[in-house]
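Have a look at the structure below, then the notes.
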Amino acid sequence: MFSLLAPDGGTPSAPLKVDFRAILDACAEGVYLVDTRGICRYANAAVGELLGLAVADLIGSNIHEVIHHSRPDGSPLPREECPMYRVAALGGAAQADDEVLWRADGTPVAVDYRSRPLRLNGQLVGAVVTFTDATERRSAVAELAGILATAGDAFVGIEHDGAITGWNAAAESLLGWTASEAIGRPLVETIVPVRLREEYAARLQALHTLEEADMPVGPVEFTAQNKAGGEIAIELTIGRMPWAGAWRFHAFLRDVTERRAMALALETSEMLHRHLAENSGDLMSRHRPDGELLYVSPASLDVLGIAPDELIVRNGRELVHPDDLEWMDHIDVDQIAPGERLEVTFRLRHRDGHWVWVEAVLSVLRDSSGAVSEIQMSTRDITDRQAREAASQQASRLESLGRLSAGLAHEINSPIQYVGDNARFVAGAYEAMHRLLCQYRKLAGAAGSSGFEEHLAAVRALEAALDLDYLKAEVPIALGETLEGIERVATIVRAMKTFSHPGSKEQTAADLNEALAATVTVTRAQVSGVADLRMELAELPPVICDIAELNQAFLNLIVNAADAIEETGRRGVISLSSALDDDEHVSVRISDTGGGIPHDVLPKIFEPFFTTKDVGRGSGQGLPLTRAVVEGHGGTLTVDTRPGSGTTFTIRLPVSGRQQTVTAA
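The sequence shown maps to residues 600 to 1264 in this note's numbering.
And the structure:
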């Protein structure tokens, strides 16, 4: 029960008594009554809860001074300027959705309020004010406004009659109209080309009758028009919400002009790439990660003698040489990063059964999860190139041996000469021993006869003449030197056979230290005239390689080192060392104390046929072939040179053999 005072603040002649306090106290909305002087006559429980005040303290107070004394910015708000108070004092009505009331602790509360006059018998007696806490709503509105303002997509609000009600910054940027220009204009006339307006107006009208299950509409593409009259490819998504008994629409627009152009470019590119694939001499193919073929270009007929339609859905692994398949199965395509490609060399089986050497470049496509979904390959028949490279390496090998022939002849002639001398000495010693043996037999036969003393004298004379002590000492030495000379010649012959053999593409386990020692044997005669050879070989595991090719690489580098030292005019040192870099790699270093490589020459040393040597002393193929051999083994060849001091070449090889090359695309 409560009562209101009369207009003058006194007791009314007939107090109005209504039993609805419990009803108002149950409301979540704050409700309070003020008289014409602004004195609070009633406040429900929600007022106290929302403002942190005791309702009893509000009753009888000038409520403006308690809860509405300041503006939202904190500046003072005189009572005479307060819209809520003016309604109580003067009548009228007021409402706002951007106001604040002040809590007991001095903090503001964002509120939406309504103030309506309260009349008794037609006379103004005060006002009733209702308010709700608008903090969450304002926060949500501000957040939404911020999102729309900064959204990359254009936002357009549309009234039920097609008039524009909202227009964010992205819409301004996309369509050229400012928000102030666009809001209130008909949507169709603002952003649709004239030729399409009738059609799009009908589409917009149809949105009013669509079932809820069919909303929102989009994304769909259509052609829009900007303020300047230019046409833009747009992707549109449009939704609707009920508003004042009708529908309001909200649309998001995205410029897809570039995407359309990209799609067209992609379509053109795909057509071009297919044309290139269909007409390329290289075999183009696409595979699932397990090897199943998805696409094969017509070049398969030339490379493998098999038509593309015979290969589709077959597994490409079926065509790979078993020895190559063994190491290819260890390739982890997941390790191929975007933008990288893997280069591999292996053999494929031709329809007629022979093996074709191919060089392939692999790249991968990944799905949305990042997993490899497809492997793409460009494969080239290099069988003829392999044969040419083998012939070139053999020619280089023979060229090197040709340059070494004089030294090798000396290396062989020296032991042969002392083998011959020792053989003649042993032959003479044998003849003398044979004569002495004959005398011993005669002496033995004359035992007990009168001629015994005569034979004994002859034996002693012959022993003295032959110098038996000398023969006993020298014959074993001569035989040992002869055997040593024969072994020396055999070693040289074996080394020569190693370098003159054309080799094989099959890789097997080999001892690199043994190969280095053989190389030193072959080059010793030429090198010993200009440099001392020093070897420091670490214990190495067997390396899977083509040892004939690596022998040639070692030979080229040692001969080059000797030439570099010879050019200085002073005796130098050539050092060979081997090392186990880690569990997977070994290295060989060949250093010289020559004049080094000038910096202007260094970039050219691996170019085919480039040489700084005199005519007849080099073809310029040694270093290019050496690098090709090393890289063919999955290794690296690096050079460190110090002009005036010398050069070091370092060969680094994988222990497990040929490893494929990953390069950036």
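Using N, Cα and C, we set each Cβ at its ideal position, and we do this for glycine too.
Could you pull the DSSP bridge partners for residue i from this structure?
i: R885; result: Y894, Q975
i: C1037; result: C1037 is not bridged to any residue.
i: V1172; result: D1131
i: Y641; result: L632
i: L700; result: V708
i: C1144; result: T1107
i: V919; result: L947
i: D762; result: Going by the sequence as given, residue 762 is Ala instead of Asp. In the DSSP output, where bridge partners are listed per residue, A762 has P785.
i: F851; result: F754, T836
i: E830; result: Q824
i: H1184; result: P1253
i: V816; result: I837
i: W954; result: R948
i: R1241; result: G1245
Pick out whichever of the options has its Cα sitting closest to the Cα of residue i.
i: A1178; options: D1191, G1221, M1134; result: M1134
i: V1129; options: A733, E810, D1191; result: D1191
i: E830; options: A845, L893, D854; result: D854
i: G651; options: N661, E680, T706, S1255; result: T706
i: E834; options: F851, V630, T789, A845; result: F851
i: T982; options: I1146, D752, G1050, F945; result: F945
i: A823; options: M840, Q1038, Y799; result: Y799
i: L774; options: H759, E758, P792; result: P792
i: M814; options: R794, A832, I837, E820; result: I837
i: A845; options: G761, V816, S868; result: G761
i: V646; options: Y684, L893, F730; result: F730
i: E820; options: R859, L806, A801; result: R859
i: S772; options: V787, V755, H759, E788; result: V755
i: L1042; options: M1032, E1053, H1033; result: E1053
Apart from the five residues on each side of it in sequence, which residues of its chain come closer than 6 angstroms, Cβ to Cβ, to residue i?
i: L1236; result: R1226, V1229, I1250
For residue i, does the three-state DSSP call read helix, strand or coil?
i: L786; result: helix
i: A726; result: strand
i: A845; result: strand
i: T1249; result: strand
i: E578; result: Within the shown structure, residues of the chain are numbered from 600 to 1264, placing residue 578 beyond reach of any answer.
i: W776; result: coil
i: E1138; result: coil
i: T1235; result: strand
i: V1074; result: helix
i: D1068; result: helix
i: L719; result: strand
i: I1085; result: helix
i: T1090; result: helix
i: V932; result: helix
i: S669; result: strand
i: S899; result: helix
i: F1178; result: Here the sequence assigns Ala to residue 1178, which means Phe is not the residue at that position. A1178 falls in the strand class under three-state DSSP.
i: D966; result: coil
i: R1226; result: helix
i: T731; result: strand
i: S868; result: helix
i: I911; result: coil
i: I1196; result: coil
i: S1350; result: Lying outside 600 to 1264, the shown extent of the chain, residue 1350 is not represented and no answer is given.
With a CB to CB cut of under 8 angstroms and the five nearest residues on each side skipped, what residues in its chain are close to residue i?
i: L1078; result: N1021, V1025
i: V1214; result: Summary for V1214: the model assigns pLDDT 43, below 50, so the residue's position carries little reliability; its value from the coordinates is reported in the next sentence. Hits under 8 angstroms: none found.
Should residue i and residue j be called a contact, given that it needs their Cβ atoms to be closer than 8 angstroms?
i: N1123; j: G1195; result: Contrary to the premise, residue 1123 reads as Arg rather than Asn in this sequence. Not a contact, by the Cβ cut-off of 8 angstroms.
i: R796; j: I763; result: no
i: R737; j: A709; result: yes
i: L903; j: V955; result: yes
i: A1161; j: V1119; result: no
i: S714; j: A733; result: no
i: G1084; j: Y1029; result: no
i: L1065; j: L1035; result: yes
i: S1298; j: E877; result: Look at the range of the chain in this structure, 600 to 1264, and you will see that residue 1298 is not part of it.
i: P677; j: S669; result: no
i: V963; j: V932; result: yes
Less than 7 angstroms separating the Cβ of residue i from some heavy atom of the ligand ADP?
i: R1226; result: The ligand ADP is absent from the structure shown, which contains no ligands of any kind.
Under 7 angstroms Cβ to Cβ from residue i, same chain only, skipping five residues before and after it: list those, please.
i: T635; result: P606, A687, A688, L723, V724, G725
i: L924; result: R916
i: C681; result: H663, H667
i: D704; result: G651
i: P907; result: V895, S896, P897, S899
i: Q804; result: none
i: D966; result: S972
Looking at chain D, is there any beta carbon in it that lies within less than 8 angstroms of the beta carbon of residue i?
i: E820; result: The structure shown has no chain D; it contains just one protein chain.
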